[in-house]
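There are 2 protein chains.
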Amino acid sequence: MHTFVDPITRAERVARDKTALVSGEFQFSYGELAARCRRIAGALERDGIAPGERVAVLAANSAQYIELYLAIPAAGRVVVPLNTRHAVPELVYALGDSGARLLITDRKPSALDEVVERVIRLPGEYESYVDGAPETALGVGVTEDTLAGLFYTGGTTGASKGVMLTHRNLIANTYHWMAISHPRPDDRYLVMAPLFHAAGSNSVLATVWFGGLQIAVPTFDPAAVLDMIESEQITSTLGVPTMIAAMAEEQLANPRNTESLRVLAHGGSPVATEVLRRAHRAFPTAELIHLYGATETAPLATALVREQEELEGPRGRSCGQPIPGVDVRAFDPEGNEVATGEVGEVVIRGPNVMRGYWNKAEQTASVLKDGWYWSGDLGHIDDEGFVFLVDRAKDMIVSGGENVYGTEVEEALYRHPAVLEAAVIGIPDEKWGETVHAVVVPREAVEPDTLIAHCRELIAGYKVPRSIELRDEPLPKSGPGKVLKRELREPFWKDRKEQVS
Amino acid sequence: MHTFVDPITRAERVARDKTALVSGEFQFSYGELAARCRRIAGALERDGIAPGERVAVLAANSAQYIELYLAIPAAGRVVVPLNTRHAVPELVYALGDSGARLLITDRKPSALDEVVERVIRLPGEYESYVDGAPETALGVGVTEDTLAGLFYTGGTTGASKGVMLTHRNLIANTYHWMAISHPRPDDRYLVMAPLFHAAGSNSVLATVWFGGLQIAVPTFDPAAVLDMIESEQITSTLGVPTMIAAMAEEQLANPRNTESLRVLAHGGSPVATEVLRRAHRAFPTAELIHLYGATETAPLATALVREQEELEGPRGRSCGQPIPGVDVRAFDPEGNEVATGEVGEVVIRGPNVMRGYWNKAEQTASVLKDGWYWSGDLGHIDDEGFVFLVDRAKDMIVSGGENVYGTEVEEALYRHPAVLEAAVIGIPDEKWGETVHAVVVPREAVEPDTLIAHCRELIAGYKVPRSIELRDEPLPKSGPGKVLKRELREPFWKDRKEQVS
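If you read the protein sequences in the order shown, they are chains P and U.
Just add 77 to wherever you are in the first sequence, counting from 1, and you've got the numbering used here.
Just add 77 to wherever you are in the second sequence, counting from 1, and you've got the numbering used here.
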């Protein structure tokens with residue numbers, strides 16, 4: 078049986094004097110980390126936060142955030158990492174829904190303070206809170222089936238839902254991650270993906286378990302991140318594709334010495350092959366690992382390891398194979414597996430699949446069936462298990478009776494050297510029902526007709542955008558870096574609300 | 078929840094047409110392997126071998142052995158891999174104790190046939206047995222707490238005991254192994270350590286889970302193994318130290334191209350640093366990984382990764398740190414942890430620790446206490462968790478009131494270039510109780526006095542052998558390659574039986 082206590086205990090024993098966590102001027106060793114975790118447990122106990130209660134955290138990445146992420150579950154309470162990009166009403170909803178009485182945040186007082194009984198502010202007040210508390214043993218009453226975290230999903234579709242992940246869920250997926258990412262005790266891991274996403278959680282646990290170093294950056298800035306990779310000899314990091322793309326652009330324009338980088342993982346949204354080619358050119362020493370999953374799967378389901386070796390082959394456009402221990406298939410709506418190569422809804426099963434949505438039995442039942450999590454993603458799987466996502470189920474464009482998957486069109490657009498960002502949506506059309514429309518942020522001057530002619534050489538005629546809008550501003554994105562197609566679609570569909578998801 | 082079914086299912090889906098197992102002329106793909114596993118399940122069902130029953134296997138390594146090792150537990154039965162080096166009375170005991178009604182063996186008819194209801198002989202009769210059976214679904218009624226294997230321990234001390242390992246035990250330890258050994262889908266793994274030891278089981282499961290290739294060799298011959306590494310482009314293997322030493326000697330004398338070798342793991346008994354230096358010189362592309370554990374811990378507890386980088390430092394003589402997920406400490410006889418650096422009995426805790434000994438509640442209770450497995454090994458642990466074994470508890474020599482740990486004396490002997498093998502025992506002495514005696518197999522002509530003078534430069538006077546016997550024959554070894562000190566001691570102690578363990 079493994080719980081969050083195990084990595085903390087091991088690190089305290091094997092790496093007591095090694096630096097564990099760094100953010101800015103602040104840093105502490107594993108010996109200090111373990112003691113601080115015990116004091117956090119002591120503070121929760123002293124203040125009457127009972128085992129099983131939810132404790133919300135709303136903050137930028139920091140060493141303190143990482144220790145809270147470890148200590149709250151290790152103390153038998155449930156961490157609720159809130160999305161810093163959510164609007165106040167969304168945060169109020171999540172706080173209320175979770176029933177958290179305590180919020181730890183780096184934000185100034187706001188309407189959120191009214192929702193909870195107590196707010197502790199990072200860093201000053203929090204430091205006093207920790208320093209003054211007695212040390213209490215970790216893990217009392219904690220089993221692997223104890224709830225560890227409640228992660229509120231992005232909210233791009235309907236009301237936000239709290240994903241219930243147990244110790245077992247997160248630790249099973251941590252082992253899944255360790256099996257493919259070859260962690261080492263001398264890892265120096267850069268925590269740049271927001272900690273409020275489950276995506277970052279496995280590497281936090283894995284790095285602690287191996288006694289490696291973690292450096293947290295509060296906001297993502299590609300130049301600052303590259304400076305840090307050089308100065309801190311960073312070995313590993315994980316980001317969403319927009320981060321990887323920005324880092325590659327910066328490195329190609331202003332090269333630093335990034336030879337220490339061994340692992341550069343990405344996930345959270347689809348990514349164009351050309352972005353990865355540039356990332357590989359920018360960071361040739363790093364193994365690219367493409368990850369796919371969902372908060373509901375804690376989060377990893379598939380991985381394309383050594384992706385840089387696959388980029389010129391057909392599998393470079395896949396998100397890899399099921400990670401050993403996770404079963405991934407494509408089902409038709411009746412729950413039957415589709416034939417190899419046929420598009421179906423991607424379903425995921427394994428010890429990493431969530432217990433369910435907090436207080437939402439109906440929504441849970443609609444996505445968890447016979448142990449399978451229905452991801453809402455459409456994809457096909459080849460004869461060696463490589464998973465090719467074609468689109469979000471709801472993002473499919475139906476034009477003249479033909480299905481068009483936005484990512485395929487975006488892939489074609491990205492292969493043009495002038496394209497920096499591209500998103501493809503369906504817009505209403507009297508004749509075809511929908512037609513294919515693209516929104517493009519160019520890297521350099523280019524005409525829409527040039528891009529349309531470019532696409533026509535690569536994909537079937539019915540998939541080629543009928544119209545292209547050029548923009549100077551970056552595309553709107555959700556927390557995890559997914560382009561918010563909803564926002565792009567809205568102007569076109571605002572009189573037809575049922576189409577706007 | 079993971080069981081043995083998971084790696085088989087995944088491999089069938091992602092590597093259906095890839096070669097899974099090879100031995101001699103015999104080979105089959107993962108698609109065939111999965112189908113054969115289902116037929117083995119069908120055959121057991123058809124023949125009335127109920128779920129939970131034990132099925133014994135007594136055979137040299139082969140593809141068929143590996144599939145039985147996978148299929149019997151996946152079918153909900155319990156595999157009992159018997160030690161081929163045990164004498165018939167020992168095997169009769171194990172068969173009777175386990176209650177197995179079915180034995181699958183490559184041996185000619187013998188007294189063993191009388192103990193079980195049915196014997197199926199490898200390879201011919203077995204092939205008919207498998208070919209003729211219906212395919213039955215794997216995993217029916219199997220949970221992670223289902224017993225997967227019963228491993229009879231060496232029997233070097235007292236009556237042989239059946240170590241009960243569950244699916245959870247073996248799969249948790251497989252993940253522990255994957256976390257440190259960075260398996261890959263293109264692994265080509267050489268199965269040369271005997272499959273009847275739990276030591277080989279994790280790499281079997283890990284390789285199947287990743288869809289890699291396994292080649293089994295029935296008997297260990299260093300020249301044949303090296304030929305195979307070259308011709309089959311072997312990437313990874315695991316052996317006992319005597320195997321590693323023999324391979325290194327052969328490679329240094331008659332070099333092959335072994336550049337494909339990425340991982341060369343060893344475990345099962347202590348090993349002299351000089352043997353490892355030679356192994357690194359012989360196989361410079363391979364990462365040496367030193368493993369320590371026990372059948373009772375399924376079996377891995379600690380690992381010294383990238384051992385070749387540690388050989389000249391003090392930690393090169395350790396067996397590494399606890400593998401993430403396994404807790405390893407040194408306890409005094411009262412169960413209190415000893416101070417850092419002090420010698421105590423090595424104890425091990427984690428999801429890999431056995432359920433107990435089959436039908437031996439008393440012996441189970443004597444080694445499993447509060448979740449800790451008491452290994453019987455003496456060792457000390459440094460401030461970063463590196464474990465230094467000093468000896469088997471029972472192998473300690475007490476001479477003139479001073480404790481002498483045999484391995485330390487052997488380590489000194491091995492540093493002399495003329496020493497190929499060395500074992501140190503205590504022999505009776507009227508004055509000192511015991512004195513230190515060494516049995517040495519020299520690589521080249523050498524005088525005992527030369528070796529004694531050599532030791533005197535390296536270790537305290539009371540540890541230096543008072544007498545040295547030179548032998549031409551290899552030292553007697555148990556199945557896993559441990560030198561049978563019992564046999565070396567016997568002539569000296571035969572009138573004092575209580576001292577012969």
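Yeah, the Cβ is synthetic: ideal placement off N, Cα and C, and Gly gets one too.
Computed from a predicted structure; not experimentally measured.
Can you grab the Cα-Cα spacing for the pair M473 of chain U / E309 of chain P, in whole Å? Here the alpha carbons of E309 of chain P and M473 of chain U stand approximately 47 angstroms from one another.
Backbone CA spacing between A356 of chain P and A133 of chain U [nearest angstrom]: Approximately 53 angstroms between the Cα atoms of the pair.
Of all the beta strand (DSSP E) runs that stay within the bounds of the segment 442 to 476 of chain P, which reach a length of 3 or more residues? Along the length of the segment 442 to 476 of chain P, whole beta strand (DSSP E) runs at least 3 residues long occupy 449 to 458, 464 to 469 and 474 to 476, reported in chain order.
Closest Cβ-Cβ distance between Y34 of chain U and chain P: below 9 angstroms? Because residue 34 of chain U is not part of the residues shown, which for chain U are 78 to 578, the question remains open.
9 angstroms Cβ cutoff, A214 of chain P in contact with chain U: Chain U, which has no Cβ nearer than 9 angstroms to the Cβ of A214 of chain P, makes this no.
For chain U, find out if any of its Cβ atoms is closer than 9 angstroms to the Cβ of M78 of chain P; answer yes or no. Interface with chain U (9 angstroms Cβ-Cβ cutoff): M78 of chain P is included.
For N138 of chain P, count neighbouring Cβ atoms within 10 angstroms of its own Cβ and tell me buried if that reaches 16, exposed if not. N138 of chain P sits buried, since 16 or more C-beta atoms from the chains shown fall within 10 Å of its C-beta.
Distance, R198 of chain P Cα to L368 of chain U Cα: Going by the C-alpha atoms only, they are around 47 angstroms apart.
Quick one: is F228 of chain U buried, meaning 16 or more other Cβ sit within 10 Å of its Cβ, or exposed? Buried is the call here.
Suppose the cutoff is 7 angstroms on Cβ atoms and the five residues either side in sequence are ignored; what does the same chain contact list for E89 of chain P look like? Closer than 7 angstroms at the Cβ level, and outside the excluded window around E89 of chain P, lie Y107, G108 and A111.
Using a Cβ-Cβ cut-off of less than 8 angstroms, list which residues of the segment 394 to 410 of chain U approach chain P; keep chain order. So the close ones are Q398, P399, P401, G402 and D404.
State yes or no: is the beta carbon of V382 of chain U nearer than 9 angstroms to at least one beta carbon in chain P? At least one C-beta of chain P is nearer than 9 angstroms to the C-beta of V382 of chain U.
Among all the DSSP beta bridges, which residues are the ones paired with H343 of chain P? P:G316 and P:H367, per the DSSP bridge assignment.
Just the chain P side, please: which residues come within less than 7 angstroms of G462 of chain U by C-beta, in chain order? Under the 7 angstroms cutoff, chain P gives R90 and V91.
For L215 of chain P, the nearest candidate out of P:D83, P:E384, P:V501 and P:E414 (CA to CA): The shortest Cα separation from L215 of chain P among P:D83, P:E384, P:V501 and P:E414 belongs to P:D83.
Flag A283 of chain P as yes if its beta-carbon sits less than 9 angstroms from any beta-carbon of chain U, otherwise no. Output row for A283 of chain P: interface = yes.
Say whether chain P places a C-beta atom closer than 9 angstroms to the C-beta of R573 of chain U. Low confidence applies here, because R573 of chain U scores a pLDDT of 47, under 50, leaving its location unreliable; read the following figure in that light. No, no contact with chain P.
When DSSP labels each residue in this structure, what does G397 of chain U get in the three-state scheme? Reduced to three states, the DSSP call for G397 of chain U is coil.
Beta-carbon within less than 6 angstroms of E122 of chain P's beta-carbon, same chain only, minus the 5 sequence neighbours each way: which residues are those? Within the same chain, E122 of chain P has close Cβ partners T213.
Cross-strand partners of G503 of chain U (DSSP beta bridge): In DSSP, G503 of chain U forms a bridge with U:V513.
How is V560 of chain U classed by DSSP in three states: helix, strand or coil? The three-state secondary structure of V560 of chain U, taken from DSSP, is strand.
How many Å lie between V285 of chain U and V420 of chain U at the Cα? So the two alpha carbons sit approximately 39 angstroms from each other.
V403 of chain P beta carbon less than 9 angstroms from that of T374 of chain P: For T374 of chain P and V403 of chain P, yes; Cβs fall inside 9 angstroms.
With three or more C-beta pairs closer than 8 angstroms as the rule, is the segment 516 to 526 of chain U touching the segment 483 to 496 of chain U? Touching, yes.
Round the Cβ separation of G226 of chain P and P158 of chain P to the nearest angstrom and send it over; I've been treating them as touching at under 8 angstroms. That belief holds up - the Cβ atoms of G226 of chain P and P158 of chain P are roughly 7 angstroms apart, short of 8 angstroms.
Just tell me which of P:G288, P:V219 and P:L168 has its CA closest to the CA of S237 of chain P. In this structure, P:L168 is the residue among P:G288, P:V219 and P:L168 with its C-alpha nearest to the C-alpha of S237 of chain P.
Using a Cβ-Cβ cut-off of 8 angstroms (strictly less than) and excluding sequence neighbours within five positions of I117 of chain P, which residues of its own chain qualify? Closer than 8 angstroms at the Cβ level, and outside the excluded window around I117 of chain P, lie E144, L145, A148, I149, A152, V207 and A210.
Can you name the residues of chain P whose CB is closer than 9 angstroms to the CB of W286 of chain U? Neighbours of W286 of chain U across chain P, judged by C-beta separation under 9 angstroms: A256, P401 and G402.
What do you get for F103 of chain U, buried or exposed, if any count of 16 or more other CB atoms within 10 angstroms of its CB means buried? Burial call: exposed.
Quick one: what's K554 of chain U bridged to in DSSP? The partner list for K554 of chain U (beta bridge, DSSP) reads U:V560.
Which residues mark the beginning and the end of the alpha helix (DSSP H) in which G239 of chain P is found? That residue, G239 of chain P, is in no alpha helix (DSSP H); its beta strand (DSSP E) goes G239 to T243.
Using a C-beta cutoff of 9 angstroms, does H259 of chain P count as contacting chain U? Yes, contact with chain U.
If you draw a straight line from the alpha carbon of A530 of chain P to that of A499 of chain P, how long is it in whole angstroms? Cα to Cα, A530 of chain P sits roughly 16 angstroms from A499 of chain P.
What is the rounded straight-line gap between the Cα of C532 of chain U and the Cα of D506 of chain U? Cα-Cα distance, rounded: 21 angstroms.
Quick one, which of U:E461, U:G125, U:T243 and U:L528 has its alpha-carbon nearest Q398 of chain U's? The shortest Cα separation from Q398 of chain U among U:E461, U:G125, U:T243 and U:L528 belongs to U:E461.
Are P260 of chain P and G218 of chain P close, meaning C-beta to C-beta below 9 angstroms? Remark: C-beta atoms of P260 of chain P and G218 of chain P do not approach each other more closely than 9 angstroms.
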